[in-house]
Amino acid sequence: MSDKNTVETSEAEIAVHWKEEEYYYPSPGFIAQANLTDESVFDRFSLENFPDYYTEFAELLTWYKYWDEVLDTSDAPCWKWFRGGQLNASYNCIDRHLAKNRNKTAIHFVPELEDEPVHHMTYQELYVRVNEFAALLKETAGLKRGDRVTIHMPMSAELPITMLACARLGVIHSVVFGGFSSSACADRVVDSNSRVLITMDAYYRAGKLLNHKAVDDEACELAEKDGQKVDKMLVWQRYPGKMSSDAPLVEGRDVVVNDELKKYYGARVEPEKMLSEEPLFLMYTSGTTGKPKGAQHGTGGYLAYVTAMSKYIQDIHPEDVYWCMADIGWITGHSFIVYGPLALCASTVIYEGVPTYPDAGRSWRIAQDLGVNIFHTAPTAIRALRKVGPDEPAKYDFHFKHMTTVGEPIEPEVWKWYEKEVGKGKAVIVDTYWQTETGGFLCSTVPGLQPMKPGSAGPGVPGIHPIIFDEDGNEIIKGAGKAGNICIQNPWPGCFQTIWGNRQRFVDTYFGMYNKDPNSKDWRDWPYLTGDAAVMSEDGYVRVLGRIDDVINVSGHRLGTKEIESAALTVPEVAEAAVVPVNHEVKGKEPELYVSLKPGYEASPELVQKVADAITFEIGKIAKCRNVWIVPDMPKTRSGKIMRRVLGAISNKGDVGNVMTLANPEIVEEIQKMVG
Ligand code: 6R9
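Numbering-wise, the sequence shown is residues 658 to 1333 according to this note's numbering.
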């Protein structure tokens, strides 16, 4: 999310070239079983009916007490949803399912080692373990409602147990992606004032058992230097009963969870009756200042929203086996591995390791063996799987009825491979556009009601009313063929409540640009600025071009980096493409292109030419790139997003900054040598 409130959109014409305008339709079989097929939803969820329509989402939950007011705007733009209502997220994700479904699998945990058995955890087991761990948090760690706790854990069944135990007590969890370094973890401990850090001794990733506790020992040291002492570190064991890390236990601070739990066998903890507007968790996300922002999500609004999105857009039914490949350390994992699916009593898959180890078939074996029928992943994973094994999916006996893509714009070329090879021509695809801050989806097709269009996310989901503004706050009407800043006209329950400890930054970053009266209590005066550039076509479908700062201005024409990347991906040898702007005396900016190849292909001057030709062919000379660099791999974040910022710094001979939190920091130097 950009903190910049000024965007250079002054150039009148915005070039929009994207060849794909084809529709794909859901099959009658899919429609027959879909959760949402009633077209009247769009009338019911019209702006005129705002905000009352959101009670339909809240009704999916079990409340101790109903709300006094659907939307309280008194502290605009910090909206309070379902004010006065009382509920508990852990109760909604577990207890309420027990009467009918206690023996149903809640979580399938798939370890990396294929000879280690898959753990099928029932709702009853989840209930017992969450209660016992909640007792430990309360008694051993002294935690109570409103306290913050940092959780730095790998993908494991114990991670949702930990989150749900916090939620049961009203303790605000802040999960830090397991692959993040000690210093990234320490920053988050300090910002959230966590005096308790929960970790796991070790975990497998791509064939190695990583010593995770050692990372958190260092995090504690760093946090203390920065003024936040961690006085309890709770350490789960990857293999209960034995330590898999040689990091010594610190006397008085460290508690081995699996030993300590013996004190709490059989314990039951009453869920706290939380006010709807009380925070459920913090999720840190990066801003442009380098200091991570803690997006604070509330209890009632967030849970109602993700449950509804899981039901109507993910189309999850209780009998489905649902696998979202994200890491729980990101918002996708919070909303669409843990809270949404469990609130719907689905079976959710959690896997350890990476999709391509020990071989390119791993994901498809998991899908086959567990009978996964709803699959959720990101373009980066789709590109990676296509790169290492384009024909692998056909070798396995799995059948998805529904698939999701999230996190980045997906190139039509890649979408079509996903549809044909992974979906085997039978699955619907939803391209869900949203953010850490938004809690759940903003734009997507409703799978049983609207056709798909490769490369476009879709219109606003029911209840979300997107609008595209130019820099002066004038609406760019749909079908105008111009890009602008995509905003949401109305508040919605999944939206974060504030930035932890920094209300002003929240107001300035997300509302500063188009708010005309800072004292207004009327929600109409506070459109939410996503920070993305987008185009809305005639049919209302939104195509996200990338972050506002991902738009390149060449001789007064604005080009979305994605358009050029998409053109490069039409070359069959190309696996991934990333465009960055480089400074140019005359043109202002010029695009420079990085591509990586599928296995079995070699870089050559002919191939460079072929890629350059494809761009001229697909878009025109205006998009001609200064250079096409064929690189061995792209620098990527741990969540798989290509770090265009790093490539941009390389191209402009600037400072690449701290790259140690990347998944593959070593690639940076390699590319620098190549570019010179
Ligand atoms: C959920 C998540 C948010 C940014 C967002 C946008 C990009 C997400 C997208 C997409 C095009 C999609 N983004 N989904 N762009 N199509 N379907 O990814 O959250 O990590 O906070 O990233 O990701 O640029 O603003 P987060």
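C-beta: ideal position from N, C-alpha, C; glycine also.
Classification of Lys-1081 by the beta-carbon crowding that lies within 10 angstroms, buried from 16 upward: Numbered from 1 along the sequence shown, position 424 holds the residue referred to as residue 1081. So Lys-1081 ends up on the exposed side.
- prompt: How big is the Cα-Cα spacing for Lys-761 and Leu-783?
  reply: The residue you call residue 761 lines up with position 104 of the sequence shown. The residue you call residue 783 lines up with position 126 of the sequence shown. Their Cα atoms are separated by approximately 11 Å.
field: Pro-1238, DSSP secondary structure in three states
entry: Indexing the sequence shown from 1 puts residue 1238 at position 581. Pro-1238 falls in the strand class under three-state DSSP.
message: Cutting at 7 Å between CB atoms, please list the residues of its own chain near Ala-1235, excluding the five before and the five after it.
response: In the sequence shown, the residue the question calls residue 1235 occupies position 578. The answer, listed in chain order, is Glu-1222, Tyr-1251, Met-1291, Ile-1299, Arg-1301 and Leu-1304.
task: Following the continuous alpha helix (DSSP H) through Phe-790, name the residue where it begins and the one where it ends.
output: Residue mapping note: residue 790 aligns to position 133 of the sequence shown, counting from 1. Its alpha helix (DSSP H) spans residues 780 to 796.
message: Please give me, in chain order, every unbroken run of the beta strand (DSSP E) with length at least 3 that falls completely inside the region 728 to 771.
response: 737 to 740 and 762 to 767
- prompt: In terms of DSSP beta bridges, what is Ala-863 paired with?
  reply: Position 206 of the sequence shown holds residue 863. DSSP, once it has assigned bridges, lists no residue as partnering Ala-863.
query: Can you list, in chain order, the residues of its chain whose CB lies under 6 Å from that of Glu-1078, leaving out five sequence neighbours each side?
result: For the purposes of this step, residue 1078 is taken as residue 421 along the sequence shown, with counting starting at 1. Closer than 6 Å at Cβ, skipping near neighbours: Pro-1050.
query: Which value, in whole angstroms, describes the spacing of the CA atoms of Val-978 and Gln-1154?
result: Translated into positions along the sequence shown, residue 978 becomes position 321. Translated into positions along the sequence shown, residue 1154 becomes position 497. Looking at the two C-alpha atoms, the distance is approximately 32 Å.
query: DSSP on Cys-1282, reduced to helix/strand/coil?
result: As a position in the sequence shown, residue 1282 is number 625, starting the count at 1. Note: Cys-1282 maps to coil in three-state DSSP.
- prompt: So what does Ser-1253 bridge to, in DSSP terms?
  reply: Translated into the one-based positions of the sequence shown, residue 1253 becomes position 596. Note: Ser-1253 sits in a beta bridge opposite Glu-1233.
message: With three or more C-beta pairs closer than 8 Å as the rule, is the region 962 to 972 touching the region 989 to 1008?
response: yes
query: Roughly how far, in whole angstroms, is the beta-carbon of Gly-1115 from the beta-carbon of Thr-694, given that I think they are within contact range, below 8 Å?
result: Your numbering for residue 1115 matches position 458 in the sequence shown. Your numbering for residue 694 matches position 37 in the sequence shown. Gly-1115 to Thr-694, Cβ: 16 Å. No contact.
message: Considering only the alpha carbon of each residue, which of Tyr-921, His-869, Gln-885 and Ser-1113 lies closest to Met-900?
response: The sequence position of residue 900 within the sequence shown is 243, counting from 1. It is His-869.
- prompt: Tell me, which residues are paired with Tyr-1014 by DSSP?
  reply: Here residue 1014 is taken as the residue at index 357 of the sequence shown, counted from 1. Its beta-bridge partners do not exist; DSSP assigns none.
- prompt: When we look at the beta-carbon of His-1241 and count the other beta-carbons within 10 Å, is it buried (16 or more) or exposed?
  reply: Here residue 1241 refers to the residue found at position 584 of the sequence shown. Counting Cβ neighbours within 10 Å, His-1241 comes out exposed, since fewer than 16 surround it.
Alpha-carbon to alpha-carbon, Gln-690 and Asp-1016: For the purposes of this step, residue 1016 is taken as residue 359 along the sequence shown, with counting starting at 1. For the purposes of this step, residue 690 is taken as residue 33 along the sequence shown, with counting starting at 1. Spanning the two alpha carbons is a distance of roughly 34 Å.
- prompt: So, Thr-1061 versus Thr-942, is the Cβ gap smaller than 8 Å?
  reply: By 1-based counting over the sequence shown, the position of residue 1061 is 404. By 1-based counting over the sequence shown, the position of residue 942 is 285. No.
message: Please return the same chain residues whose Cβ sits closer than 6 Å to the Cβ of Lys-1267, not counting the five positions on each side in sequence.
response: Indexing the sequence shown from 1 puts residue 1267 at position 610. Around Lys-1267: Val-1228.
query: Would Asn-1172 pass as a contact of Trp-1183 if the rule is Cβ separation under 8 Å?
result: Along the sequence shown, one-based indexing puts residue 1172 at 515. Along the sequence shown, one-based indexing puts residue 1183 at 526. Yes, the Cβ-Cβ distance between Asn-1172 and Trp-1183 is below 8 Å.
message: Checking the sheet assignment: what are the DSSP bridge partners for Ser-901?
response: Residue 901 sits at position 244 when you count from the first residue of the sequence shown. Ser-901 is not bridged to any residue.
task: Using the Cα positions of Arg-1043 and Glu-929, report the straight-line distance between them to the nearest angstrom.
output: By 1-based counting over the sequence shown, the position of residue 1043 is 386. By 1-based counting over the sequence shown, the position of residue 929 is 272. Between Arg-1043 and Glu-929, the C-alpha separation is close to 46 Å.
field: Inter-residue spacing [alpha-carbon to alpha-carbon] between Gly-1197 and Thr-1166
entry: Counted from its first residue, the sequence shown places residue 1197 at position 540. Counted from its first residue, the sequence shown places residue 1166 at position 509. Between Gly-1197 and Thr-1166, the C-alpha separation is close to 26 Å.
query: Thinking just about the alpha-carbon of each residue, which of Thr-1013, Pro-1012, Arg-895 and Val-995 is nearest to the one in Thr-1005?
result: To locate residue 1005, count along the sequence shown from 1; it is residue 348. Of the listed residues, the one whose Cα sits closest to Thr-1005 is Val-995.
- prompt: So, helix, strand or coil for Ser-1308, using DSSP?
  reply: In the sequence shown, counting from the first residue as 1, residue 1308 sits at position 651. Helix.
query: Under the rule that 16 or more other beta-carbon atoms within 10 Å means buried, what is Leu-744, buried or exposed?
result: To locate residue 744, count along the sequence shown from 1; it is residue 87. Leu-744 is buried by the Cβ-count criterion.
- prompt: Pick from Tyr-748, Asp-844, Ser-992 and Glu-878: whose alpha carbon is nearest that of Tyr-780?
  reply: The residue you call residue 780 lines up with position 123 of the sequence shown. Checked all of Tyr-748, Asp-844, Ser-992 and Glu-878; the closest Cα to Tyr-780 is Tyr-748.
message: So, with DSSP's three-state summary, where would you put Asp-873?
response: The sequence position of residue 873 within the sequence shown is 216, counting from 1. It is helical.
- request: Please classify Met-1109: does DSSP put it in a helix, a strand, or coil?
  value: Locating residue 1109 in the sequence shown gives position 452, where the first residue counts as 1. In this structure, Met-1109 counts as strand in the three-state DSSP scheme.
message: When you measure from the CB of Val-832 to every non-hydrogen atom of ligand 1, does any distance come out below 7 Å?
response: Residue mapping note: residue 832 aligns to position 175 of the sequence shown, counting from 1. Not so, every heavy atom of ligand 1 lies at least 7 Å from the Cβ.
- request: Note down the Cα distance separating Lys-703 from Arg-1200, rounded to an integer number of angstroms.
  value: As a first step, residue 703 must be located in the sequence shown, where it is residue number 46. As a first step, residue 1200 must be located in the sequence shown, where it is residue number 543. In the sequence under discussion, the amino acid at residue 703 is Ser, which differs from the Lys named in the question. If I take the Cα positions, the gap works out to 22 Å.
- prompt: In or out: Lys-950 buried (at least 16 other Cβ within 10 Å) or exposed?
  reply: As a working mapping, residue 950 is identified with position 293 in the sequence shown. Buried, because 16 or more other Cβ atoms sit within 10 Å of the Cβ of Lys-950.
task: State yes or no: is the C-beta of Tyr-1090 nearer than 7 Å to some heavy atom of ligand 1?
output: Translated into positions along the sequence shown, residue 1090 becomes position 433. Tyr-1090 Cβ: within cutoff of ligand 1.
- prompt: Between Glu-1070 and ligand 1, is the CB less than 7 Å from at least one heavy atom?
  reply: Numbered from its first residue, the sequence shown carries residue 1070 at position 413. Outside the cutoff, so no.
- prompt: Is any heavy atom of ligand 1 found at a distance shorter than 7 Å from the C-beta of Glu-1076?
  reply: Locating residue 1076 in the sequence shown gives position 419, where the first residue counts as 1. No, the Cβ of Glu-1076 stays beyond 7 Å of every heavy atom of ligand 1.
message: Could you give the first and the last residue of the continuous beta strand (DSSP E) run that contains Tyr-1090?
response: As a working note, residue 1090 is residue 433 in the sequence shown. Tyr-1090 -> no beta strand (DSSP E), and no H or E assigned at all.
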